[in-house]
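Number of protein chains: 2
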Amino acid sequence: MTEWMKLLSLTKPVIQAPMAGGLVTPVLAAAVSNEGALGSLASGYLSSDMLEKQIVDMQQLTDGAFQVNVFVPESRKEPDEGNIQTWKNRIPFAEQAPPFSSEEEEWEDFHKKISIILKHNVRACSFTFGIPPDETIQALKKNGCCLIGTATVPQEAIMLEERGMDIIVLQGSEAGGHRGSFLPVSGEAALGLMSLIPQAADAVSVPVIAAGGIADRRGVQAAHCLGAQGVQVGTPFLMCEQCEASETYKGELKRARGTDTRLTSLFSGKPARGIVNQWMKEQQAEEANALPYPLQNTLTKPMRKQAAREKDSGYMSLWAGQSVGMLNGTADVKSLLAELCRT
Amino acid sequence: MTEWMKLLSLTKPVIQAPMAGGLVTPVLAAAVSNEGALGSLASGYLSSDMLEKQIVDMQQLTDGAFQVNVFVPESRKEPDEGNIQTWKNRIPFAEQAPPFSSEEEEWEDFHKKISIILKHNVRACSFTFGIPPDETIQALKKNGCCLIGTATVPQEAIMLEERGMDIIVLQGSEAGGHRGSFLPVSGEAALGLMSLIPQAADAVSVPVIAAGGIADRRGVQAAHCLGAQGVQVGTPFLMCEQCEASETYKGELKRARGTDTRLTSLFSGKPARGIVNQWMKEQQAEEANALPYPLQNTLTKPMRKQAAREKDSGYMSLWAGQSVGMLNGTADVKSLLAELCRT
Chain C
16 MTEWMKLLSL TKPVIQAPMA GGLVTPVLAA AVSNEGALGS LASGYLSSDM
66 LEKQIVDMQQ LTDGAFQVNV FVPESRKEPD EGNIQTWKNR IPFAEQAPPF
116 SSEEEEWEDF HKKISIILKH NVRACSFTFG IPPDETIQAL KKNGCCLIGT
166 ATVPQEAIML EERGMDIIVL QGSEAGGHRG SFLPVSGEAA LGLMSLIPQA
216 ADAVSVPVIA AGGIADRRGV QAAHCLGAQG VQVGTPFLMC EQCEASETYK
266 GELKRARGTD TRLTSLFSGK PARGIVNQWM KEQQAEEANA LPYPLQNTLT
316 KPMRKQAARE KDSGYMSLWA GQSVGMLNGT ADVKSLLAEL CRT
Chain W
16 MTEWMKLLSL TKPVIQAPMA GGLVTPVLAA AVSNEGALGS LASGYLSSDM
66 LEKQIVDMQQ LTDGAFQVNV FVPESRKEPD EGNIQTWKNR IPFAEQAPPF
116 SSEEEEWEDF HKKISIILKH NVRACSFTFG IPPDETIQAL KKNGCCLIGT
166 ATVPQEAIML EERGMDIIVL QGSEAGGHRG SFLPVSGEAA LGLMSLIPQA
216 ADAVSVPVIA AGGIADRRGV QAAHCLGAQG VQVGTPFLMC EQCEASETYK
266 GELKRARGTD TRLTSLFSGK PARGIVNQWM KEQQAEEANA LPYPLQNTLT
316 KPMRKQAARE KDSGYMSLWA GQSVGMLNGT ADVKSLLAEL CRT
């Protein structure tokens, strides 16, 4: 057992990936924590009130450690009004989208969420899309909270360690969902775990965790050989009966092969890996012109909601990693974790 | 020791990647074979006379097994004359390029090379960019030649096994140089080894070999955990004193980090991973309009030659995998293989 596992009283070196957008509920995350792995709540698209409710529920469902993941707001460029109008015309139901949040509002939301995490003494907190401000880091550390950063290149890992992160999740090009990059990295330069883990492990002294394309014990053992002290697993948890992903989404996950995914910015404005569907095909030529995050995300929200209601996988975001071809059907958290940790 | 190693009398489960374009000489490949790994000659850009000379030299330098890699010609689409003219105007020194070879000429060259491989009883033959014709496969098998195919997705691996390949090299998105795909796979759908190896290993029963981003023992051991019976290593051999890569190229390899590479079709018309340089930056917007292989390759040949003469890395093809950030400086074949196989 390694130091980071002791710190969080874990018996399994596995983090359930914090998948935002209603995919993770306290039921799923608590099932993970109750097996001795690290369950994760995803605050990214939750209101702070909803986050607080989830934390309270979570603490009733498990005595184990869990983390809350928080998105770090980014500085915005001035949006191009003409391009916004173009996308408003192009995206179905965009007229029903809520107003864009300002950068100031995002920071306010960020700080509210941090206060809730502090108030409820959450054991671990992870960050995506950047490095939190120093006062946040100090406040959480003072509270005994374990800090987890997300890196996609060795340079990001070095920066996260310098700023005080206790653990670094290394997200390989194989990973489903949003890329957590905060330094510019193009899709075709995205590092596969086979290259990323040893290079990042050599560059930092804190424990590194491998994320991306890991679906069974083979990936866990390989990550260990490469220098990771644990793994973060996402897509395989989506197929668990404890996961609230829709049947439409689960059906696509079951059907898809590893080569059916690609990176796209068409849903949110930030590159994320998902199963190629109608929306991605229709707008492929406009990929490079997507609005910056979170504007594109705000405008596609009603389209995605409508698609979910109509069970139309063509216009939902079907986030999935390259291990999607290894999923055989419904699993449950206990058996998935047992497979991952089988020696 | 596994069956494929016994078949080729190897003591190390490592294949030196057949890197075309003058990078591999009999001196390098024989040094590999003499250490009990599989040395490889790359016939892709050699005349059949030159290939024969290299095989004869090789057989004088080693008693160990080696392979010859052969490119499988592809059926061409009718080229767009307007686009050819555009690139002739755009590519420096394109007016000095030799005439385009026809598909017929490429097949003639392919068959000549196979005859030479048969004549000299080469122990193994690998193929890139496709599946060779059945009569070629049968002739080589009759001669006791071990056949190695190259796959980038599980479906290609299945097809290669069905057509009689004895071993399949799985090329992950991390790999440097040309992608060996023969089914359509976009760059952002390219599978990392963490996902590719288990999915392909489950899909075929012949041994699979992992290629891409492997630079030290950690990668070799990880590949093994994922289900590979060996590894194919390219970029690290370029830094060996036995490698004929120019000092300019070696300097760029030493300097580059893993994130400095990307896939580009701007040199040859086929996606290949290399260190981003001036030519790739200048023409980035035209990436999607590159001429089909081998036309783009033919037109950039004088530019690359001139750049090599002038030691100008901006216009050379600087093929490199994502492990390039792990290279520390000049190595030699013996110490590199010892590191890869260290337990």
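So the sequences go chain by chain: C and W.
Adding 15 to a residue's 1-based position in the first sequence gives its number in the numbering used here.
Adding 15 to a residue's 1-based position in the second sequence gives its number in the numbering used here.
Even glycine gets a Cβ: it sits at the ideal position worked out from N, Cα and C.
Where the stretch 274-299 of chain W meets chain C: residues whose CB sits under 7 Å from a CB there: Of all residues in the stretch 274-299 of chain W, the ones placed with a Cβ closer than 7 Å to any Cβ belonging to chain C are 274, 276, 277 and 278, in chain order.
task: Step through the CB atoms of chain W and report whether any lies within less than 7 Å of the CB of residue 189 of chain C.
output: As a first step, residue 189 of chain C is located in the first sequence; it is residue number 174 there, counting from the start. For residue 189 of chain C, the answer is yes, since a Cβ of chain W falls inside 7 Å of its Cβ.
At least 3 beta-carbon pairs within less than 8 Å: the stretch 270-282 of chain C vs the stretch 65-76 of chain C: No, they do not touch.
field: Within chain W, partners of residue 204 of chain C - CB distance below 7 Å
entry: As a first step, residue 204 of chain C is located in the first sequence; it is residue number 189 there, counting from the start. Within chain W, the residues near residue 204 of chain C are 274, 276 and 277.
field: Proximal residues of chain C, C-beta to C-beta of residue 237 of chain W below 7 Å
entry: As a working mapping, residue 237 of chain W is identified with position 222 in the second sequence. What residue 237 of chain W touches in chain C: 209, 237, 240 and 241.
task: Quick one: list the residues of chain C neighbouring residue 180 of chain W, beta-carbon separation under 7 Å, in chain order.
output: As a working mapping, residue 180 of chain W is identified with position 165 in the second sequence. Per Cβ cutoff of 7 Å: no residues; residue 180 of chain W is ~20 Å from chain C at best.
- request: Less than 8 Å between the CB atoms is what I'm expecting for residue 247 of chain C and residue 226 of chain C, so what's the real figure, rounded?
  value: Locating residue 247 of chain C in the first sequence gives position 232, where the first residue counts as 1. Locating residue 226 of chain C in the first sequence gives position 211, where the first residue counts as 1. Correct: roughly 4 Å between the Cβ atoms.
field: Cα-Cα separation between residue 158 of chain W and residue 141 of chain W, rounded to whole angstroms
entry: As a first step, residue 158 of chain W must be located in the second sequence, where it is residue number 143. As a first step, residue 141 of chain W must be located in the second sequence, where it is residue number 126. It is roughly 15 Å from the alpha-carbon of residue 158 of chain W to the alpha-carbon of residue 141 of chain W.
Supposed contact pair residue 63 of chain W and residue 128 of chain W - C-beta distance, whole angstroms, cut 8 Å: Start at 1 with the first residue of the second sequence, and residue 128 of chain W comes out as number 113. Start at 1 with the first residue of the second sequence, and residue 63 of chain W comes out as number 48. Contact flag correct, Cβ pair sits at about 5 Å.
- request: Buried or exposed for residue 359 of chain C, please, with buried defined as at least 16 other CB atoms from any protein chain shown within 10 angstroms of its CB.
  value: Past the boundaries of the shown model lies residue 359 of chain C; chain C is included only from 16 to 358, so the question cannot be answered.
query: What number of angstroms, rounded off, separates the C-alpha of residue 296 of chain W from the C-alpha of residue 302 of chain W?
result: Locating residue 296 of chain W in the second sequence gives position 281, counting from the first residue. Locating residue 302 of chain W in the second sequence gives position 287, counting from the first residue. Taking the straight line from one Cα to the other gives about 10 Å.
query: residue 137 of chain W to residue 338 of chain C, Cα distance in whole Å?
result: Along the second sequence, one-based indexing puts residue 137 of chain W at 122. Along the first sequence, one-based indexing puts residue 338 of chain C at 323. Per the coordinates, the alpha-carbon of residue 137 of chain W lies some 38 Å from the alpha-carbon of residue 338 of chain C.
query: Does DSSP put residue 276 of chain C in a helix, in a strand, or in coil?
result: Mapped onto the first sequence, residue 276 of chain C falls at position 261. Reduced to three states, the DSSP call for residue 276 of chain C is strand.
query: Among the residues of its own chain, which have a CB less than 8 Å from the CB of residue 194 of chain W, if the five just before and after it don't count?
result: On the second sequence, position 179 is the one that residue 194 of chain W refers to. Take residue 194 of chain W, set aside five residues on each side of it, and the residues of its chain with a beta-carbon closer than 8 Å to its own are 167, 186, 200, 205, 278, 285, 286, 287 and 288, in chain order.
message: Give me, in chain order, the residues of the same chain whose beta-carbon lies closer than 6 Å to that of residue 60 of chain W; leave out the 5 immediate sequence neighbours on both sides.
response: Counted from its first residue, the second sequence places residue 60 of chain W at position 45. Counting only Cβ-Cβ distances below 6 Å, and skipping sequence neighbours, we find 35 and 36.
query: Which term fits residue 31 of chain W, buried or exposed, when burial requires 16 or more other beta carbons within 10 angstroms of its beta carbon?
result: Position 16 of the second sequence, counting from 1, holds the residue named residue 31 of chain W. With 16 or more Cβ atoms within 10 Å of its Cβ, residue 31 of chain W is classed as buried.
field: Closest by C-alpha distance to residue 305 of chain W, when choosing among W/95, W/40 and W/27
entry: Here residue 305 of chain W corresponds to residue number 290 of the second sequence, with the count starting at 1. Comparing Cα-Cα distances from residue 305 of chain W to each of W/95, W/40 and W/27, the minimum goes to W/95.
query: Of all Cβ atoms in chain W, is any one closer than 7 Å to the Cβ of residue 328 of chain C?
result: Against the first sequence, residue 328 of chain C aligns to sequence position 313. Not a single C-beta of chain W is nearer than 7 Å to the C-beta of residue 328 of chain C.
query: Distance, Cα to Cα, residue 215 of chain W vs residue 350 of chain C?
result: The residue given as residue 215 of chain W occupies position 200 in the second sequence. The residue given as residue 350 of chain C occupies position 335 in the first sequence. Approximately 23 Å, taken between the alpha carbons.
task: Under 6 Å Cβ to Cβ from residue 229 of chain W, same chain only, skipping five residues before and after it: list those, please.
output: For this step, residue 229 of chain W is matched to residue 214 along the second sequence. Taken in chain order, the residues that qualify are 246 and 248.
query: Among W/46, W/89, W/86 and W/118, which one has its Cα closest to the Cα of residue 72 of chain W?
result: As a first step, residue 72 of chain W is located in the second sequence; it is residue number 57 there, counting from the start. For residue 72 of chain W, the closest C-alpha among the options W/46, W/89, W/86 and W/118 is that of W/46.
Supposed close pair residue 175 of chain C, residue 164 of chain C - CB separation, criterion 8 Å: Sequence index remark: in the first sequence, residue 175 of chain C carries index 160 (1-based). Sequence index remark: in the first sequence, residue 164 of chain C carries index 149 (1-based). Confirmed, Cβ separation roughly 3 Å.
message: Taking the alpha-carbon of residue 320 of chain W as reference, which of W/169, W/352 and W/264 has the nearest alpha-carbon?
response: Numbered from its first residue, the second sequence carries residue 320 of chain W at position 305. Closest in C-alpha terms to residue 320 of chain W, from the list W/169, W/352 and W/264, comes W/264.
- prompt: Does the ligand NAD have even one heavy atom less than 6 Å from the beta-carbon of residue 172 of chain W?
  reply: Absence of the ligand NAD from the depicted structure is noted, as is the absence of any ligand whatsoever, leaving it without description.
task: Please determine, among W/85, W/357, W/293 and W/272, the residue with the shortest C-alpha to C-alpha distance to residue 342 of chain W.
output: As a working note, residue 342 of chain W is residue 327 in the second sequence. Distance check between residue 342 of chain W and each of W/85, W/357, W/293 and W/272 places W/272 closest, using alpha-carbon atoms only.
query: Just how far apart, CA to CA, sit residue 347 of chain C and residue 268 of chain C?
result: Position 332 of the first sequence holds residue 347 of chain C. Position 253 of the first sequence holds residue 268 of chain C. Just so you know, the alpha carbons of residue 347 of chain C and residue 268 of chain C end up roughly 15 Å apart.
- request: Check residue 99 of chain C in the structure and name its three-state DSSP category.
  value: The sequence position of residue 99 of chain C within the first sequence is 84, counting from 1. Residue 99 of chain C carries a helical assignment under DSSP once its states are collapsed to helix, strand and coil.
message: Among the candidates W/75, W/207 and W/88, whose CA atom is the shortest distance from the CA of residue 310 of chain W?
response: Residue 310 of chain W sits at position 295 when you count from the first residue of the second sequence. The option with the nearest alpha carbon to residue 310 of chain W is W/88.
message: For a cutoff of 7 Å on Cβ pairs, would you count residue 168 of chain W as touching chain C?
response: Within the second sequence, residue 168 of chain W is the residue found at index 153, counting from 1. Residue 168 of chain W belongs to the set of residues whose beta carbon lies under 7 Å from a beta carbon in chain C.
Residue 353 of chain W classed as buried or exposed, judged by whether at least 16 other C-beta atoms fall within 10 angstroms: On the second sequence, residue 353 of chain W is found 338 positions in, with the first residue counted as 1. Residue burial annotation: residue 353 of chain W is exposed, with fewer than 16 other C-beta atoms found within 10 angstroms of its C-beta.
- request: Could you tell me whether the Cβ of residue 233 of chain W comes closer than 7 Å to any Cβ of chain C?
  value: Position 218 of the second sequence, counting from 1, holds the residue named residue 233 of chain W. At least one chain C Cβ lies under 7 Å of residue 233 of chain W.
field: Residue burial classification, residue 38 of chain W (beta-carbon count within 10 angstroms, cutoff 16)
entry: Taking the second sequence and counting its residues from 1, one reaches residue 38 of chain W at position 23. It counts as buried.
query: Bridge partners of residue 288 of chain C, per DSSP?
result: Against the first sequence, residue 288 of chain C aligns to sequence position 273. Residue 288 of chain C is bridged to C/192 and C/278.
field: The alpha helix (DSSP H) enclosing residue 312 of chain W, as first and last residue numbers
entry: Numbered from its first residue, the second sequence carries residue 312 of chain W at position 297. Looking at the DSSP string, the run of the alpha helix (DSSP H) that includes residue 312 of chain W is 310-324.
- prompt: Can you tell me the Cα-Cα spacing of residue 240 of chain C and residue 119 of chain W, whole angstroms?
  reply: Here the question's residue 240 of chain C lines up with position 225 in the first sequence. Here the question's residue 119 of chain W lines up with position 104 in the second sequence. When rounded, the distance between both Cα atoms is 47 Å.
- request: Could I get the ranges of all uninterrupted beta strand (DSSP E) runs contained in the stretch 56-124 of chain W, with 3 residues as the minimum, in chain order?
  value: The stretch 56-124 of chain W contains these whole beta strand (DSSP E) runs: 81-86.
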